[in-house]
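Student: One structure coming up, written as structure tokens, with questions to follow.
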Amino acid sequence: MRKILVTGSGGLIGSTVVRFFSDLGFSVIGIDNNMRQNFFGSEASIQENLNCIIKEVKNYDHHAVDIRNAEEILKVFKDVRPELVVHCAAQPSHDLAAKIPLDDFHTNANGTLNLLEAARNYTKESPFVFLSTNKVYGDNPNKILIKESKTRWQINEKKWKHGIDETMSIDHCVHSLFGVSKTSADLLVQEYGRYFSMPTVCLRGGCLTGENHMGIGLHGFLSFLVKTNVFGLPYTIIGYKGKQVRDNIHATDVSSLIYEYYKSPRVGEVYNIGGGYSNSISVLEAIGLIENISGNKQSYDYDNTPRVGDHICYYTNLSKVKKHYPTWNIKKNITQIIEAMVLKWEEKLHYTEG
Ligand SMILES: NC(=O)c1ccc[n+]([C@@H]2O[C@H](COP(=O)([O-])OP(=O)(O)OC[C@H]3O[C@@H](n4cnc5c(N)ncnc54)[C@H](O)[C@@H]3O)[C@@H](O)[C@H]2O)c1
């Protein structure tokens with residue numbers, strides 16, 4: 094039986110990858126120590142999600158190991174020797190990183206180095222997929238000319254009109270400490286590919302989401318916005334008049350891309366991944382669409398100070414990844430993504446109300 098090792102297996106992307114590859118007949122080894130609860134508090138715990146996985150997923154073996162522990166990670170790789178590694182464990186928040194720079198860097202950068210070293214020692218031929226981020230570009234996307242329309246900012250420069258591609262510079266910009274720890278990891282993943290001829294890839298995600306996202310104020314804007322709408326809570330729009338644009342991709346569409354890469358891996362590759370223009374939405378537009386779907390009016394206030402380094406208008410140019418993997422396609426559009434989120438949060442609300 095083919096084996097996949099997934100780090101961050103209780104988180105949004107990790108848990109989706111676990112189920113996706115289990116359905117394909119893989120045996121799955123998960124690593125997650127619920128640091129998410131540590132980072133964001135008990136409302137962000139992945140324990141419930143993890144319990145469901147352990148109960149429902151066939152051939153799933155869990156290791157509550159910390160990726161910062163190089164020795165333990167080496168041991169898991171030595172025992173398991175997976176045919177595919179998908180590295181999703183991270184401190185994922187742009188804003189939280191500034192409050193916990195050491196934990197952020199040790200998890201995102203050192204943790205990734207530990208995994209690469211273990212892979213180099215025991216599974217050098219196995220594809221290694223790293224969930225990177227579009228924050229590697231720092232605030233460089235904000236230097237693109239934009240124009241304002243009624244509900245969103247629009248790109249107004251020919252070179253970038255189809256979105257941000259991999260030629261965007263990662264240099265000379267404000268990244269946030271999260272951006273720096275993830276960029277360090279991204280460069281390490283590329284380097285292990287090129288220097289040691291390993292099949293490694295960085296997937297530089299925009300907004301990766303889905304109904305299993307446990308959005309919180311500091312991470313997962315769409316999920317959190319839907320939650321506040323369903324629970325009748327106020328939402329604070331932060332900066333850019335609420336016209337900032339994000340493209341959203343469902344976690345299952347990320348998983349299917351990982352499978353394409355597994356079947357046809359390349360060395361030291363980098364792809365921007367996201368929902369592209371057709372799955373892009375501004376905060377104001379998202380509020381309108383959620384209200385239509387849920388039937389609930391959203392209450393919100395506005396804080397005029399943008400988050401440091403926050404993107405004004407970002408959507409992904411998917412040309413490169415589509416050229417390399419032409420059979421891969423995005424299956425879930427933005428309306429379907431939000432519809433599923435509304436249902437999920439409604440279920441949780443009814444459960445809470447008992
Ligand atoms: N969700 C997004 O919008 C998005 C966007 C771009 C990039 N990414 C990247 O995708 C990856 C997955 O993101 P996600 O949204 O699923 O995040 P998540 O927070 O839902 O999942 C991350 C998981 O990693 C685990 N973890 C954290 N530190 C750990 C440690 N030291 N040892 C073991 N486990 C640890 C957490 O407990 C959590 O379950 C991350 O690398 C993130 O940076 C996510």
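Quick note on the working numbering: the sequence shown kicks off at 94 and runs consecutively. Note that the Cβ used here is the ideal one computed from N, Cα and C, for glycine as well. Nothing here was measured: the structure is a model prediction, and the numbers come from that model.
1) Taking the continuous alpha helix (DSSP H) assigned at Thr200, which residues delimit it?
2) Counting Cβ pairs, one atom from each stretch, are 3 or more of them under 8 Å apart for the segment 270-284 and the segment 348-357?
3) Let's see if you can read the secondary structure: which residues bound the alpha helix (DSSP H) around Phe113?
4) Between Val347 and Ile366, how many whole angstroms is the CB-CB distance? I'm expecting something under 8 Å.
5) Excluding sequence positions up to five away, which residues of its chain have a Cβ less than 6 Å from the Cβ of Lys240?
6) Got a sec? Which residues, its chain only, sit under 7 Å from Trp253 by beta carbon, not counting five neighbours each side?
7) Identify which residue in Phe317, Ile257, Ile309 and Pro399 has its Cα closest to the Cα of Arg297.
8) Any heavy atom of ligand 1 closer than 6 Å to the beta-carbon of Gly101?
9) May I ask whether a heavy atom of ligand 1 can be found less than 6 Å away from the beta carbon of Thr226?
10) Let's test the definition: count the other Cβ atoms within 10 Å of the Cβ of Pro292 and tell me whether it reaches 16, buried, or not, exposed.
11) What did DSSP end up calling Ile139 once you bin it into helix, strand or coil?
12) When DSSP labels each residue in this structure, what does Arg129 get in the three-state scheme?
13) Answer with buried or exposed for Glu149, where buried requires no fewer than 16 other C-beta atoms within 10 angstroms of its C-beta.
14) Run the proximity test for Arg161: is its beta-carbon closer than 6 Å to any non-hydrogen atom belonging to ligand 1?
15) Cβ of Cys295 versus every heavy atom of ligand 1: is any distance shorter than 6 Å?
16) Out of curiosity, what's the CA-to-CA distance linking Lys168 and Asp394?
17) Looking at Asp279: is its Cβ nearer than 7 Å to the Cβ of Val222?
18) What do you reckon, are the CB atoms on Ile146 and Asn127 nearer than 7 Å?
19) Excluding the five sequence neighbours on either side, which residues of its own chain have a C-beta within less than 7 Å of the C-beta of Ile331, listed in chain order?
20) Please classify Gln184 as buried or exposed, where buried requires at least 16 other C-beta atoms within 10 Å of its C-beta.
21) Below 6 Å, is the gap between the Cβ of Asn126 and the nearest heavy atom of ligand 1?
22) Can you give the Cα-Cα distance for Cys300 and Gly368, rounded to whole angstroms?
23) Report whether the distance from the Cβ of Cys300 to the nearest heavy atom of ligand 1 is below 6 Å.
24) Nearest to Arg161 by alpha carbon, out of Met434, Leu208, Gly103 and Asn233?
25) What residue from Gly381, Lys441 and Gly101 has the CA that sits closest to Thr244's CA?
26) Run through DSSP, which three-state label would Ser262 get?
27) On the premise that Ile374 lies in contact with Leu224, defined as a C-beta separation below 8 Å, what is that separation, rounded to the nearest angstrom?
28) Pick from Ala182, Asn152 and Tyr153: whose alpha carbon is nearest that of Ile166?
29) Out of Gln429, Ala163 and Val363, point me to the one whose CA is closest to Ile386's CA.
30) Would you mind sorting Val267 into buried or exposed? The rule is 16 or more other CB atoms within 10 Å of its CB.
31) Can you have a look at Glu164 and say buried or exposed, based on whether 16 or more other CB atoms are within 10 angstroms of its CB?
32) Among Glu304, Ser371, Phe132 and Ala212, whose alpha-carbon lies nearest the alpha-carbon of Thr409?
33) Using only CA atoms, which one of Thr445, Leu189, Lys390 and Asp159 lies nearest to Thr205?
34) Would you give the residue range spanned by the alpha helix (DSSP H) that His443 belongs to?
35) By DSSP's criteria, His500 is part of a beta bridge. Which residues make up the other side?
36) My assumption, with CB atoms under 8 Å, is that Trp438 sits in contact with Val273. Please give the rounded CB distance.
Tutor: In this structure, then:
1) Translated into positions along the sequence shown, residue 200 becomes position 107. Boundaries cannot be given for Thr200, as no alpha helix (DSSP H) includes it and DSSP labels it neither H nor E.
2) Touching, no, given that fewer than three Cβ pairs across the two stretches are closer than 8 Å.
3) The sequence position of residue 113 within the sequence shown is 20, counting from 1. Going by DSSP, Phe113 is part of the alpha helix (DSSP H) stretching over Leu105 to Asp116.
4) For this step, residue 347 is matched to residue 254 along the sequence shown. For this step, residue 366 is matched to residue 273 along the sequence shown. Distance from Val347 to Ile366 at the Cβ level is roughly 7 Å; contact confirmed, criterion being Cβ atoms closer than 8 Å.
5) As a working note, residue 240 is residue 147 in the sequence shown. If we look at Lys240 and ignore the five residues flanking it on each side, its Cβ neighbours are Gln247 and Asn249.
6) Counted from its first residue, the sequence shown places residue 253 at position 160. Taken in chain order, the residues that qualify are Ile237.
7) Position 204 of the sequence shown, counted from the start, is the residue given in the question as residue 297. Nearest C-alpha to Arg297: Ile257.
8) Within the sequence shown, the letter at position 8 stands for residue 101. True, at least one ligand heavy atom lies under 6 Å from that Cβ.
9) As a position in the sequence shown, residue 226 is number 133, starting the count at 1. Correct: Thr226 has its Cβ closer than 6 Å to ligand 1.
10) As a working mapping, residue 292 is identified with position 199 in the sequence shown. Classification for Pro292: buried.
11) If you number the sequence shown from 1, residue 139 lands on position 46. Look at Ile139 here: in three-state DSSP terms it is coil, with no helix or strand label.
12) Residue 129 sits at position 36 when you count from the first residue of the sequence shown. Three-state result, Arg129: helix.
13) Numbered from its first residue, the sequence shown carries residue 149 at position 56. So Glu149 ends up on the exposed side.
14) What you label residue 161 is simply residue 68 of the sequence shown in a count that begins at 1. Indeed, a heavy atom of ligand 1 lies less than 6 Å from the Cβ.
15) As a position in the sequence shown, residue 295 is number 202, starting the count at 1. With a cut-off of 6 Å, the C-beta of Cys295 is classified as distant from ligand 1, since no heavy atom of the ligand falls inside that distance.
16) As a first step, residue 168 is located in the sequence shown; it is residue number 75 there, counting from the start. As a first step, residue 394 is located in the sequence shown; it is residue number 301 there, counting from the start. CA-to-CA, the gap between Lys168 and Asp394 works out to about 50 Å.
17) Locating residue 279 in the sequence shown gives position 186, where the first residue counts as 1. Locating residue 222 in the sequence shown gives position 129, where the first residue counts as 1. Their beta carbons are not under 7 Å apart, which means Asp279 does not touch Val222 by this criterion.
18) As a working mapping, residue 146 is identified with position 53 in the sequence shown. As a working mapping, residue 127 is identified with position 34 in the sequence shown. It is not a contact, given that the beta carbons lie outside the stated cut-off.
19) In the sequence shown, residue 331 corresponds to position 238, counting from 1. If we look at Ile331 and ignore the five residues flanking it on each side, its Cβ neighbours are Asp396, Pro399 and Arg400.
20) Numbered from its first residue, the sequence shown carries residue 184 at position 91. Buried, by the Cβ-count rule.
21) Walking along the sequence shown from the start, residue 126 turns up at place 33. Shortest gap from the CB of Asn126 to any heavy atom of ligand 1: under 6 Å.
22) Here residue 300 refers to the residue found at position 207 when the sequence shown is read from its first residue. Here residue 368 refers to the residue found at position 275 when the sequence shown is read from its first residue. Distance between the alpha carbons of Cys300 and Gly368: 8 Å.
23) Counted from its first residue, the sequence shown places residue 300 at position 207. At least one heavy atom of ligand 1 is nearer than 6 Å to the Cβ of Cys300, so yes.
24) Looking up residue 161 in the sequence shown gives position 68. Ranking Met434, Leu208, Gly103 and Asn233 by Cα distance to Arg161 puts Leu208 first.
25) Within the sequence shown, numbered from 1, the residue matching residue 244 stands at position 151. Among Gly381, Lys441 and Gly101, the Cα nearest to that of Thr244 belongs to Gly381.
26) Indexing the sequence shown from 1 puts residue 262 at position 169. Assignment of Ser262 by DSSP, reduced to helix, strand and coil, places it in the coil class.
27) On the sequence shown, position 131 is the one that residue 224 refers to. On the sequence shown, position 281 is the one that residue 374 refers to. About 22 Å separates the CB atoms of Leu224 and Ile374; that is not less than 8 Å, and the two are not in contact.
28) Within the sequence shown, residue 166 is the residue found at index 73, counting from 1. Measuring C-alpha to C-alpha distances from Ile166 to each of Ala182, Asn152 and Tyr153 identifies Ala182 as the nearest.
29) Here residue 386 is taken as the residue at index 293 of the sequence shown, counted from 1. For the residues Gln429, Ala163 and Val363, the minimum Cα distance to Ile386 belongs to Gln429.
30) As a position in the sequence shown, residue 267 is number 174, starting the count at 1. Within 10 angstroms of the beta-carbon of Val267 lie fewer than 16 other beta-carbons, which makes it exposed.
31) Residue mapping note: residue 164 aligns to position 71 of the sequence shown, counting from 1. So Glu164 ends up on the exposed side.
32) Translated into positions along the sequence shown, residue 409 becomes position 316. The candidate whose alpha carbon is nearest that of Thr409 is Ser371.
33) Counted from its first residue, the sequence shown places residue 205 at position 112. Closest in alpha carbon position to Thr205, among Thr445, Leu189, Lys390 and Asp159, is Asp159.
34) By 1-based counting over the sequence shown, the position of residue 443 is 350. In the DSSP annotation of this structure, the continuous segment of the alpha helix (DSSP H) that includes His443 starts and ends at Ile427 to Glu446.
35) With the chain covering only 94 through 447, there is no way to say anything about residue 500.
36) Within the sequence shown, numbered from 1, the residue matching residue 438 stands at position 345. Within the sequence shown, numbered from 1, the residue matching residue 273 stands at position 180. Contact doesn't hold; Cβ gap of about 33 Å is too wide.
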